[in-house]
Amino acid sequence: MKIHRVLFFLFFLFFFFLHFFSLFLFLFLFLFLFLFLFLFLFLFLFLFLFLFLFLHFFLFLFLFLFLFHFLRCCFYLFF
């Protein structure tokens, strides 16, 4: 009878720790993936929005101003 109690106790410990280990593993992986994806998407969107859109906006703004200045100088030169 004592061996059944020991086996039941070992069986209980095994599934108890297996359950909590899987739970903590799942939480750890979930948090790790969530943070990794969040940081990756945040950095990617930040770099995309800032470098691509913002700098292109200034690039086209300066090109437009330069073109406007060039055309104005040509207009003053010829007329």
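Numbering-wise (the numbering used here), the sequence shown opens with residue 298 and increments by one.
Using N, Cα and C, we set each Cβ at its ideal position, and we do this for glycine too.
Rounded to the nearest angstrom, what separates residue i and residue j at their Cα positions?
{"i": "F365", "j": "L352", "result": "19 Å"}
{"i": "F379", "j": "F367", "result": "This structure cannot settle anything about residue 379, because the visible part of the chain is limited to 298 through 376."}
{"i": "F341", "j": "F331", "result": "15 Å"}
{"i": "L356", "j": "F339", "result": "24 Å"}
{"i": "F325", "j": "L315", "result": "15 Å"}
{"i": "L296", "j": "V303", "result": "Nothing about residue 296 can be read from this structure; the chain reaches only from 298 to 376."}
{"i": "F347", "j": "F306", "result": "60 Å"}
So for residue i, helix, strand or coil by DSSP?
{"i": "F349", "result": "helix"}
{"i": "F365", "result": "helix"}
{"i": "F355", "result": "helix"}
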